[in-house]
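Asks: Supplied in structure tokens, the structure appears directly below.
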Amino acid sequence: MPTTTPSPTYAPPPSSGLSLSVGQVEAGLGHRASVLTLTNLDSKPRKVTGYPDLTVLAGDGSPLQVQVLHETSYFAPDPGPQDLTVPPGGKVLSVLAWSATVTSGDKHTGAAISVVPIAGEPAQKQPLETDLGTTDTVKLSAWAARIGN
């Protein structure tokens, strides 16, 4: 009888604080990307600085050994760390990008991500399939009010 690995479960978004959502995966020329959106659900402005703390998770919820680079990707420039004040209901964005390149060795695929939006906040887990090929590397831009110029 086959055994099944249980899918990780994820807590619903918080009703206050900072809520993370993950956009649809976009693809182009072997590259992939998803926009991470952080929404301030508090009644007061929140300060957001720098980069989210991101971990790629396997199907069983365990962390994969993936290098997270803070830099510009094929899909989006990295504005670099900046101090942002997010008003109630406001949003900031970060782009998570990776390559599906396969050279030699085993291909790896993530099933979800765990993100600590800013230091001191709890991690938020979201399902996100990341077909990392054999690169085991993702690129992550800093939080920004908008993507691009």
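Residue 7 in UniProt numbering is what sits at position 7 of the sequence shown, and the numbering runs on without skipping anything. Note that beta-carbon positions come from the ideal geometry of N, C-alpha and C, so glycine has one too. Given the structure is predicted, the values throughout are model-derived calculations rather than measurements.
(1) Would you mind listing the beta strand (DSSP E) stretches within the segment 12-60 that are 3+ residues and don't spill past its ends, in chain order?
(2) Figure out for me which residue from Leu140, Thr137 and Lys91 has the closest Cα to the Cα of Pro45.
(3) Output the distance between the C-alpha atoms of Asp60 and Ser114, rounded to the nearest integer angstrom.
(4) Please identify the residue among Asp136, Gln124 and Leu57 whose C-alpha is closest to the C-alpha of Ser104.
(5) Lys125 lies in the beta strand (DSSP E); which residues open and close that run?
(6) Please name the residue, chosen from Ala123, Ala100, Pro122 and Leu84, that lies closest to Gly30 on a Cα-to-Cα basis.
(7) Assuming Ser94 and Leu36 are in contact, meaning their beta carbons sit under 8 Å apart, how far apart are those beta carbons, in whole angstroms?
(8) Would you identify the three-state DSSP class for residue 168, choosing helix, strand or coil?
(9) Quick check on the burial criterion: 16 or more other C-beta atoms within 10 angstroms. Buried or exposed for Lys139?
(10) What would DSSP say about Ala97, mapped onto helix, strand or coil?
(11) Start and end of the beta strand (DSSP E) containing Ala112?
(12) Between the C-alpha atoms of Ser62 and Ala144, what's the straight-line distance to the nearest angstrom?
(13) Distance check for Thr134 and Ser19, CA to CA, integer angstroms please.
(14) Can you confirm whether Gln24, when its beta carbon is compared against all beta carbons of chain C, has any partner nearer than 8 Å?
Replies: The short version:
(1) Complete beta strand (DSSP E) runs here, min 3: 18-22, 26-28, 31-40, 46-49 and 53-57.
(2) On the sequence shown, position 45 is the one that residue 45 refers to. Among Leu140, Thr137 and Lys91, the Cα nearest to that of Pro45 belongs to Lys91.
(3) By 1-based counting over the sequence shown, the position of residue 60 is 60. By 1-based counting over the sequence shown, the position of residue 114 is 114. The alpha-carbon atoms of Asp60 and Ser114 are separated by roughly 13 Å.
(4) Locating residue 104 in the sequence shown gives position 104, where the first residue counts as 1. When only C-alpha atoms are compared, the closest one is Asp136.
(5) The residue given as residue 125 occupies position 125 in the sequence shown. Residues Gln124 to Gly133.
(6) Walking along the sequence shown from the start, residue 30 turns up at place 30. Of Ala123, Ala100, Pro122 and Leu84, the residue nearest in Cα terms is Ala100.
(7) Locating residue 94 in the sequence shown gives position 94, counting from the first residue. Locating residue 36 in the sequence shown gives position 36, counting from the first residue. The pair is a contact, with the Cβ atoms about 5 Å apart (cut-off 8 Å).
(8) As shown, the chain starts at 1 and ends at 149. That puts residue 168 outside it, with no answer to give.
(9) Numbered from 1 along the sequence shown, position 139 holds the residue referred to as residue 139. Buried, by the Cβ-count rule.
(10) Locating residue 97 in the sequence shown gives position 97, where the first residue counts as 1. Three-state result, Ala97: strand.
(11) Here the question's residue 112 lines up with position 112 in the sequence shown. Element bounds for Ala112: His108 to Val116.
(12) Here residue 62 corresponds to residue number 62 of the sequence shown, with the count starting at 1. Here residue 144 corresponds to residue number 144 of the sequence shown, with the count starting at 1. Spanning the two alpha carbons is a distance of roughly 29 Å.
(13) Counted from its first residue, the sequence shown places residue 19 at position 19. Counted from its first residue, the sequence shown places residue 134 at position 134. Each residue's alpha carbon lies about 31 Å from the other.
(14) Absence of chain C from the displayed structure is noted, only one protein chain being present.
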